[in-house]
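Trainee: Below are the structure tokens for one structure; questions will follow.
In the working numbering, the protein residues as written are 7 to 365.
Structure below.
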């Protein structure tokens, strides 16, 4: 009884924990668990809820194999499963979901909830079928119609089939990394260079882009080839770097800014348009006719299927800046200063006022 009570409490507490701010319970967690305000994604604790359910299921199986589960109990759960299936078929569960969604998200989720109605009905009847088979096994055990060993194996098989019917939706099979992130002539060119310049992935239009997500333009695929990229997702990147790049959501607004390039050692632009097109873009739309590009490689098709060019910007910035002096300035002053086209990075290094350096 103590074992069962322990896992019941684990299931209850972790379920409430996983719901986060959706229930008042999380205020208790904030009050008594140190550092909780720094936690992210409280719902990840739900794996403990799942584990508690598994442990309770083992208790139930032990009771069933000991013939301590009555026929009435088994039929009651079958009736409950049937009621849920009928409620789902009648739209009651979908209506309840829409009511809950309206309490915190408004009507914008109604269409998504309604679109899920068919899957909800199928899932409810799938669960009813599993419950019916389990009920049949429990009745057979209670009436001594099946050997206990056979019943135990049948329960394991039933759970496996039930899990497989859901889990297969989450299995994704893809080619090996050597194929997904295969090199191309543009990547090979950068790898052959003696100096560690950075590359800017820049999709200037939709032309030539892969039909699916291209990890070179929208991810960190260059990391596979030991090539430094100035953008991409990195969960541990510096907040100051995001401010320098003026990161908005997943986009760096300053990625097209040549002043940002000189501070991040951009030596190459990996793009889907040729040099003349990018020259025109900078001259007409960005009002920077002083910025031109030279084609190094291309056009070539990368491993994702995009047609790409490797260009070099005309700035010809050094791979590192060495300055004779440093100054300290407030953040709201230093960022506009270093991004100003008139600022010369070779004259002075700008530090935040809190930096542990001496002028």
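Virtual Cβ for every residue (Gly too), placed ideally from N, Cα, C.
Tell me the DSSP secondary structure of residue 304 in three-state form.
Mentor: Strand at residue 304.
Trainee: Distance, Cα to Cα, residue 163 vs residue 135?
Mentor: C-alpha separation (whole angstroms): 14 angstroms.
Trainee: Who are the Cβ neighbours of residue 263 in its own chain at under 7 angstroms, not counting the five residues just before and after it?
Mentor: The residues are 345.
Trainee: Tell me, please, whether the segment 67-83 touches the segment 111-130 by the rule of three or more beta-carbon pairs shorter than 8 angstroms.
Mentor: The answer is no - the segment 111-130 does not touch the segment 67-83, with fewer than three Cβ pairs under 8 angstroms.
Trainee: Excluding five sequence neighbours on each side, which residues of the same chain lie with their C-beta closer than 6 angstroms to the C-beta of residue 310?
Mentor: Excluding positions up to five away in sequence, the list reads 216 and 220.
Trainee: Does the segment 266-286 come close enough to the segment 195-212 to have 3 or more Cβ pairs within less than 8 angstroms?
Mentor: Yes, they touch.
Trainee: Starting from the C-beta of residue 67, find all residues in its chain whose C-beta is less than 8 angstroms away, skip the five residues before and the five after it, and write them out in chain order.
Mentor: Correct list, in chain order: 158 and 161.
Trainee: Which one of 15, 324 and 34 has the shortest CA to CA distance from residue 201?
Mentor: Closest by alpha carbon: 324.
Trainee: Where does the unbroken alpha helix (DSSP H) through residue 60 begin, and where does it stop?
Mentor: Run containing residue 60: 52-71, per the alpha helix (DSSP H) assignment.
Trainee: Less than 8 angstroms separating the beta-carbons of residue 303 and residue 316?
Mentor: Yes, the Cβ-Cβ distance between residue 303 and residue 316 is below 8 angstroms.
Trainee: Measuring only the C-alpha atoms, how far is residue 71 from residue 156?
Mentor: Going by the C-alpha atoms only, they are around 10 angstroms apart.
Trainee: Using the rule of at least 16 other Cβ atoms within 10 Å of the residue's Cβ for burial, across every protein chain shown, is residue 340 buried or exposed?
Mentor: Label assigned to residue 340: buried.
Trainee: So residue 35 packs on residue 42, CB below 8 angstroms; how close in whole Å?
Mentor: Contact flag correct, Cβ pair sits at about 5 angstroms.
Trainee: Return yes when the Cβ of residue 20 is within less than 8 angstroms of the Cβ of residue 58, no when it is not.
Mentor: Yes. Within cutoff.
Trainee: Given this structure, state the Cα-to-Cα distance separating residue 355 from residue 199, to the nearest angstrom.
Mentor: Distance between the alpha carbons of residue 355 and residue 199: 27 angstroms.
Trainee: Can you tell me the Cα-Cα spacing of residue 270 and residue 237, whole angstroms?
Mentor: Approximately 10 angstroms between the Cα atoms of the pair.
Trainee: Using alpha carbons as the reference points, say which of 307, 320, 352 and 18 lies closest to residue 189.
Mentor: Residue 307 is the option with its Cα nearest to residue 189.
Trainee: So is residue 296 buried or exposed if we call it buried at 16+ other beta carbons inside 10 Å?
Mentor: Burial call: exposed.
Trainee: Comparing C-alpha positions only, which one of 337, 284, 343 and 294 sits nearest to residue 318?
Mentor: Of the listed residues, the one whose Cα sits closest to residue 318 is 284.
Trainee: What is the residue span of the alpha helix (DSSP H) that residue 9 lies within?
Mentor: Looking at the DSSP string, the run of the alpha helix (DSSP H) that includes residue 9 is 8-24.
Trainee: Considering only the alpha carbon of each residue, which of 203, 279 and 166 lies closest to residue 211?
Mentor: When only C-alpha atoms are compared, the closest one is 279.
Trainee: Assign residue 321 to one of three DSSP states: helix, strand, or coil.
Mentor: If DSSP states are grouped into helix, strand and coil, residue 321 belongs with coil.
Trainee: Please classify residue 176: is it buried, with 16 or more other beta-carbons within 10 angstroms of its beta-carbon, or exposed?
Mentor: Burial call: exposed.
Trainee: Give the secondary structure of residue 285 by DSSP, where H, G and I count as helix, E and B as strand, and everything else as coil.
Mentor: Note: residue 285 maps to helix in three-state DSSP.
Trainee: Does the Cβ-Cβ distance between residue 268 and residue 351 come in under 8 angstroms?
Mentor: Yes, these two residues count as a Cβ contact at 8 angstroms.
Trainee: Suppose you measure from the CA of residue 22 to the CA of residue 38; what does that come to, to the nearest Å?
Mentor: If you take the alpha carbons of residue 22 and residue 38, they lie about 15 angstroms apart.
Trainee: What are the start and end residues of the alpha helix (DSSP H) that includes residue 115?
Mentor: From DSSP, residue 115 is part of no alpha helix (DSSP H); its letter is neither H nor E.
Trainee: Does DSSP put residue 155 in a helix, in a strand, or in coil?
Mentor: Looking at residue 155 - three-state DSSP - the assignment turns out to be helix.
Trainee: By the 10 Å Cβ neighbour count, where 16 or more other Cβ atoms means buried, how is residue 186 classified, buried or exposed?
Mentor: The residue is exposed, with fewer than 16 neighbouring Cβ atoms inside 10 Å.
Trainee: Quick check: the Cα distance between residue 16 and residue 60, rounded to an integer number of angstroms?
Mentor: If you take the alpha carbons of residue 16 and residue 60, they lie about 12 angstroms apart.
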